[in-house]
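A.B. asks:
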Amino acid sequence: IYATLPKKGVARDCCNYRNIALIPHASKVLLKIVQQRLHPIIEAELPDSQAGFKRGRGTPDHITNLLWIMEKCKNIYICFINYSKAFDCIEHDKLWKALQELGVPAHLIQLIRSFFKDREATVRTQHGDTKWFKIEKGVRQGCILSPFLFNLYAEIIMRKSDLEELEIGVKIGGRNIDNLRYADDTTLLAETEDGLKY
Numbered sequence: 002i003y004a005t006l007p008k009k010g011v012a013r014d015c016c017n018y019r020n021i022a023l024i025p026h027a028s029k030v031l032l033k034i035v036q037q038r039l040h041p042i043i044e045a046e047l048p049d050s051q052a053g054f055k056r057g058r059g060t061p062d063h064i065t066n067l068l069w070i071m072e073k074c075k076n077i078y079i080c081f082i083n084y085s086k087a088f089d090c091i092e093h094d095k096l097w098k099a100l101q102e103l104g105v106p107a108h109l110i111q112l113i114r115s116f117f118k119d120r121e122a123t124v125r126t127q128h129g130d131t132k133w134f135k136i137e138k139g140v141r142q143g144c145i146l147s148p149f150l151f152n153l154y155a156e157i158i159m160r161k162s163d164l165e166e167l168e169i170g171v172k173i174g175g176r177n178i179d180n181l182r183y184a185d186d187t188t189l190l191a192e193t194e195d196g197l198k199y
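According to the numbering used here, the sequence shown is numbered sequentially starting from 2.
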């Protein structure tokens, strides 16, 4: 069951609502156990450039980093990206493959897959619940696993972008910094306009 929470904008526009999954308490206990099993993999696989949903990290880290980079670099080009409906767009087959590539044990992937198998939902409104409908992609907002699954999914996308190999970012102290991320917000950095376009 999903509940809707209003965002900014006109209340009559469905796009101005966020769907939050209402998850039974028993399921939350199991999800918490899975999250704890995923935690060592998340810590090992996600780079420092990703500060979203990581213990002891937050937006102030990247604001400080960005201010420091801007102070140290003579030339800097920055592109801010926010993925619209990021949680809703995750394709399940690609998620399972990403988890496998990042070293998540097969039994844990199978357990996570079982949470998504034959998923159906209804939306709770002030006029009652809607008809049930199938959900074929996305992770549930309101589920404690979803931010971590999103981060792992997004990490594979960033790795396949080959930013590190291309060394397009800014060089500071012998280190190349090409992106700063907080969940679905990505900041790309380059020393040239062409580098940023690449």
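Glycine included, C-beta positions come from ideal geometry on N, C-alpha and C.
Return yes when the Cβ of L47 is within less than 8 angstroms of the Cβ of N177, no when it is not.
C.D. replies: Contact: no.
A.B. asks: Buried or exposed: T123, going by 16 or more other Cβ atoms within 10 Å of its Cβ?
C.D. replies: Looking at its Cβ environment, which holds fewer than 16 other Cβ atoms inside 10 Å, T123 is exposed.
A.B. asks: According to the Cβ coordinates, are Y183 and A12 closer than 8 angstroms?
C.D. replies: Their beta carbons are not under 8 angstroms apart, which means Y183 does not touch A12 by this criterion.
A.B. asks: In terms of alpha-carbon separation, which member of I42, V35, N66 lies closest to S50?
C.D. replies: Among I42, V35, N66, the Cα nearest to that of S50 is on N66.
A.B. asks: So what's G129 in DSSP terms, helix, strand or just coil?
C.D. replies: Note: G129 maps to strand in three-state DSSP.
A.B. asks: Just to confirm the assignment, what range does the beta strand (DSSP E) spanning I173 have?
C.D. replies: Per DSSP, I173 belongs to the beta strand (DSSP E) from 171-173.
A.B. asks: Give every residue of the same chain whose Cβ lies closer than 6 angstroms to the Cβ of L1, excluding the five residues on either side of it in the sequence, and list them in chain order.
C.D. replies: This structure does not reach residue 1, given that the chain is present from 2 up to 199, and the question cannot be answered.
A.B. asks: Between the C-alpha atoms of C16 and W69, what's the straight-line distance to the nearest angstrom?
C.D. replies: The alpha-carbon atoms of C16 and W69 are separated by roughly 37 angstroms.
A.B. asks: Do N83 and D14 have their C-beta atoms closer together than 8 angstroms?
C.D. replies: Cβ distance not < 8 angstroms, so N83 and D14 don't count as in contact.
A.B. asks: DSSP on L6, reduced to helix/strand/coil?
C.D. replies: Looking at L6 - three-state DSSP - the assignment turns out to be strand.
A.B. asks: Whose C-beta lies closer than 7 angstroms to the C-beta of M71 among residues of the same chain, with five residues either side of it excluded?
C.D. replies: Only I77 meet the Cβ criterion.
A.B. asks: Count the other CB atoms, across all protein chains shown, that sit within 10 Å of the CB of F149; report buried if there are 16 or more and exposed otherwise.
C.D. replies: So F149 counts as buried.
A.B. asks: Look up C80 in the DSSP assignment and say whether it is helix, strand or coil.
C.D. replies: DSSP places C80 in strand when its eight states are reduced to three.
A.B. asks: Restricting to Cα atoms, I'd like to know which of F117, D195, L181, I43 is closest to P61.
C.D. replies: Nearest option by C-alpha distance: L181.
A.B. asks: Let me know the secondary structure DSSP gives V105 once reduced to three states.
C.D. replies: Correct three-state label for V105: coil.
A.B. asks: With DSSP as the reference, label F134 as helix, strand or coil.
C.D. replies: Reduced to three states, the DSSP call for F134 is strand.
A.B. asks: State the start and end residues of the unbroken alpha helix (DSSP H) segment that holds I43.
C.D. replies: Note, I43: alpha helix (DSSP H), 26-46.
A.B. asks: Taking C-beta to C-beta, are I145 and K73 nearer than 8 angstroms?
C.D. replies: Not in contact: I145 and K73 (Cβ atoms no closer than 8 angstroms).
A.B. asks: Measure how close the beta-carbons of V171 and I113 come, nearest whole angstrom, since I'm counting them as under 8 angstroms.
C.D. replies: Not confirmed; about 36 angstroms, so no contact.
A.B. asks: Could you spell out the range, first to last residue, of the alpha helix (DSSP H) harbouring I70?
C.D. replies: Segment 60-73, the alpha helix (DSSP H) holding I70.
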